[in-house]
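Remarks on the structure that follows.
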Amino acid sequence: MRSFADAPISQMRAGFAALKRLALFLAYAESESGQSNPTWSRMAYPGPRGDAHAIGPLLPLAIVRADEQVRADVAVIGSGAGGGVIASALARAGKRVVVLEAGDAFEPGDFTQREIMTSQLYLDAGLTATDDLGISILAGATVGGGTAVNWCTSLALPERIAREWEEQSGIATLGDELAPHFDAVRARLGVAPATHHNPNNRVILEGARVLGVHADESPRNAADCGDGCGYCGFGCAYGKKHSTAHAFLPDVARNDGAIFPNARAMRVETNGRRATVVLAQQRVGDDTFRLFRVEADAVVVAAGSLRTPGILARSGVAHPLLGRRLFLHPVAACVAEFERRIEPWIGPMQSAFSDAYNYRTGNYGAKIEVAPAHPGLAASAFAWRSRAQHAEMMERIANVATLFALTRDRDPGSIDLDDEAYIRYRVSRYDGENLLAGLVGTFDLAFAAGAKRVTTLHAKPLEVRRELWTARFRRDFCERLRSIGVAPNRQTLFSAHQMGTAAMGADAKRSVVDPSGRVWGYENLLVADASVFPQSSGVNPMLTIMAMASRIASLHEGGIPRVTRG
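If you want my numbering, it's the position in the sequence shown, counting the first as 1, plus 98.
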C-alpha cells in the first residue's frame, strides 16, 4: 500500500488517501469503550476537558406533524452565516420566518469535545472532498451551519478585494454598501481580539517579529472561553461562541417564526416567476422521514455554496453559471516541531495571522494562520510511510505547531448539478504557485520562532532541520516544491471555505442573482450565502457572508420588489 501513496497514477493515490484518512482518524479520535483512546496518553493529549457547564436551551425547535401545512412570510433554507442573519433581519422587520436546516440541532451541553462529533456536525459526516479526493472539505451541517463549528476568525472583506468584486460584478458601490452591515454584524457578534494567544498562535507573532514582517491579531466572535476554546471545531461546549444559533436565530423564535432541524429542502415550487412552496423532508426518527410543504411569500436559499446550486437546479432555475465559479481557498500546512510544549489543541484556535506572503501577485497570495490539531485530524493529515514512522510523529504532537497557508484562489471549480456531491476542482498552476509560496512562508515563520524541524504533509514528506534553512537552501527548497507541484493527493490539502456557484452581478448573462440577491427572472426567490460571492474573499468569509446577507435583507425588508430583467 505504501507504494500507492505517491504513485504516478492519480487513482492509486486517491485510493490510498481515502483509506489513510478514515483509518487513522478513527484510530486516534475514538475508542471502543467510549473512554480515553489508548494512544492519547502517549501524546499527552487530555481528551475532553470536562470543565464545560451546560446552559439552558437557546432555541425552541419545531418538529413537523403528519400532513402539516406550514405557512410563512419568508422561508429560509439554511441557518448558517447567510441564512441565520437574513432570517434574523427579516424576523425583526416583522416577517414570520420559517428556517429549514438539513442538519441536527445541538445545545452547548450536547457537545462532547470528542472529534467523533464531526460526523454529526459536518456535511457528509466530515468526509466531503473534491471528486479526486485531492482536497478534503470541511463544511458545517448543523443548526448554525459553519458558524457553529468554525474557528471564530471574524475578518472583514479587505477594501482592495471589495474594489475587485465591484469590477467583477458590475455593482459599482458594493463595497460602500457592505460597510455599515459589517459594523452591524460585528456589533451583534461582539467581535474582539482574543484575551490571550496560545503557543500555537504565538509562533506566528514571534516568527514575524524576528523576521520583521507583518503579523496581527485576529478578531474573533467568542469571548471568555479560555483554553477550552481549542475544542470549538466540535461545537462550543461553553456557550461562549456567538454562532448564528446564539446571536441571530433567537430573533426568529421571538417573532412567531419556527426553526425546523433535520429538514432537508428538496426543491422550491414556482408559479411562473414566483416561488410559492418549499417541499422539504424532515427526519423525525432514526429511520423515519416526513414530507411537508412550506407556503411562503418569499423564499431565501442559503444552503451554502455546495448545496444551494442543487436546490436551485431542482427548482427549475437554469442558468449556465449556476454551480460554476466555485472557490475553495485551498490550504497547505506544515508541522513545526519545537523543544518547548505547544499543545496545539488548547486555547483560542485562531488569534493571529500574517499577510507577509499575501498579495504576491496583485490581490492574490496566501494568508498564514494556524489550526487546532487534535489527534484524529492530525493523524489523518500526517504522512504515513510506516506504522513506526507515523506513531513516532504522533507521539511528538504536543511539541508541534500547525501553521498553514490559506490561498486566495483565482481559478474556480464547479458543482455537478445532477450530483451535488461531485465537486470538480483542480488547483491551477497560478494558484499553486501562491499556495507553495505560502507554504514556504510557514517554514520561515516557524524557524524564526525557534522550531527545530519543519515537515510538509506530502505523501513523501519533506523534512527540514533548522540549521539547514539558509537562503540558498530555501531557494533550492522552493524549486523542489515547484517540481513536485500540487497534483491531487501528492500532499494533504484542505478547504474550510466554499464560495461562489451562484454569483451576484449587474448583468444577467454573467451572474445568477441580481444586485439585490434575487435570482434573475424571479420575483421572490433570493440567495443569501457565500454562493453569491463573485470571487473568493481572500479572508475567512464568515463576516463577509453575514454582511452580504444583512445587506440583502435590508433591500427586501419592505417587500419583494418587482421582477428584474437583465
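We put the CB at the ideal spot given by N, CA and C, even for glycine. Remember, predicted model here, so these are calculated numbers, not experimental data.
Which residues mark the beginning and the end of the beta strand (DSSP E) in which residue i is found?
i: GLU441; result: No beta strand (DSSP E) contains GLU441, which DSSP labels as neither H nor E.
i: GLN211; result: Element bounds for GLN211: n/a, residue is neither H nor E.
i: SER512; result: 511-513
i: ALA121; result: From DSSP, ALA121 is part of no beta strand (DSSP E) but of the alpha helix (DSSP H) over 108-127.
i: LEU389; result: 386-399
i: SER593; result: 591-593
i: PHE425; result: 422-425
i: LEU198; result: 195-198
i: LEU624; result: 623-625
i: GLU467; result: 464-468
Give the secondary structure of residue i by DSSP, where H, G and I count as helix, E and B as strand, and everything else as coil.
i: HIS556; result: strand
i: ASP171; result: strand
i: SER526; result: coil
i: ILE233; result: coil
i: GLY636; result: coil
i: GLN379; result: strand
i: PRO146; result: coil
i: MET492; result: helix
i: VAL661; result: Residue placement at VAL661 is poorly supported in this model, since its pLDDT is 45, which falls under 50; the coordinates still yield a value, given next. Coil.
i: ASP222; result: helix
i: ARG362; result: strand
i: VAL498; result: strand
i: ALA416; result: coil
i: SER403; result: coil
i: PHE451; result: strand
i: LEU534; result: helix
i: THR599; result: coil
i: PRO473; result: helix
i: GLY324; result: helix
Applying the criterion that 16 or more other CB atoms from any shown protein chain within 10 Å of the CB defines a buried residue, is residue i buried or exposed?
i: GLY664; result: Because GLY664 sits at a pLDDT of 49, beneath the cut-off of 50, its placement in the model cannot be relied upon, and the point is left open.
i: THR568; result: exposed
i: ALA677; result: Nothing in the structure corresponds to residue 677, since the chain is present only between 99 and 664.
i: GLN665; result: Absent from the structure is residue 665, since the part of the chain shown begins at 99 and ends at 664.
i: ASP517; result: exposed
i: THR500; result: buried
i: ARG578; result: exposed
i: THR228; result: buried
i: ASP222; result: exposed
i: ILE240; result: In the sequence on display, residue 240 carries Thr and not Ile. It counts as buried.
i: SER252; result: buried
i: TYR126; result: buried
i: TYR220; result: buried
i: ARG111; result: buried
i: ASN369; result: exposed
i: SER139; result: exposed
i: ASP349; result: buried
i: TYR523; result: buried
i: GLU40; result: Missing from the structure shown is residue 40; the chain here goes from 99 to 664 and no further.
Judging by CA-CA distance, which residue of the options is the nearest neighbour of residue i?
i: GLY615; options: ALA626, PRO510 and GLY370; result: ALA626
i: GLY421; options: LEU231, ALA142, SER652 and ARG608; result: ARG608
i: GLN379; options: PHE387, ARG111 and ARG300; result: PHE387
i: VAL630; options: LEU537, LEU404, GLU199 and SER129; result: LEU404
i: ASP314; options: ILE302, ASN587, ALA604 and ALA320; result: ILE302
i: ASP507; options: THR293, TYR462 and ALA361; result: TYR462
i: ALA237; options: GLY176, ARG527, VAL168 and ARG564; result: GLY176
i: ASP171; options: ASN319, ASP354 and ARG588; result: ASP354
i: ALA394; options: ALA356, ASN299 and LEU419; result: ALA356
i: VAL162; options: ALA361, ALA547, ALA203 and VAL398; result: ALA361
i: GLY305; options: ALA557, PRO586, SER648 and ALA546; result: ALA546
i: ALA363; options: ARG580, PHE346, HIS472 and VAL399; result: VAL399
i: ARG68; options: CYS330, ALA606, SER581 and ALA200; result: The requested residue 68 is not part of the displayed model; the chain covers only 99 to 664.
i: GLY408; options: ILE521, LEU309 and PHE480; result: ILE521
i: TYR336; options: PRO146, HIS294, THR590 and ALA647; result: PRO146
i: LEU591; options: THR505, THR374 and THR216; result: THR505
i: ALA651; options: GLY182, ALA292 and ALA105; result: GLY182
i: VAL468; options: PHE541, ALA246, ARG483 and LEU426; result: PHE541
i: MET640; options: ALA189, ALA179 and GLY242; result: ALA179
i: PRO359; options: LEU124, ASP202, ILE184 and SER129; result: ASP202
i: TYR620; options: VAL366, GLY113 and PHE390; result: VAL366
Identify the continuous alpha helix (DSSP H) that holds residue i and give its terminal residues.
i: MET646; result: 640-654
i: ALA610; result: Residue identity differs from the one stated: residue 610 is Val in this sequence, not Ala. Note, VAL610: premise wrong, no alpha helix (DSSP H); not H, not E.
i: CYS576; result: 569-582
i: ALA434; result: That residue, ALA434, is in no alpha helix (DSSP H); its beta strand (DSSP E) goes 429-435.
i: ARG300; result: 297-309
i: VAL283; result: 272-287
Please confirm whether any heavy atom of the ligand NAD lies closer than 6 Å to the CB of residue i.
i: ASP274; result: By its list of ligands, the structure shown contains no ligand whatsoever, and the ligand NAD lies outside what it can speak to.
Exercise. Specify whether the stretch 448-458 and the stretch 545-562 touch according to this definition: at least 3 beta carbon pairs, one from each stretch, less than 8 Å apart.
Key: No, because fewer than three Cβ pairs between the stretch 448-458 and the stretch 545-562 fall closer than 8 Å, the two stretches do not touch.
Quiz item: So does the stretch 596-612 actually touch the stretch 530-539, counting three or more Cβ pairs closer than 8 Å?
Solution: No: fewer than three Cβ pairs fall under 8 Å.
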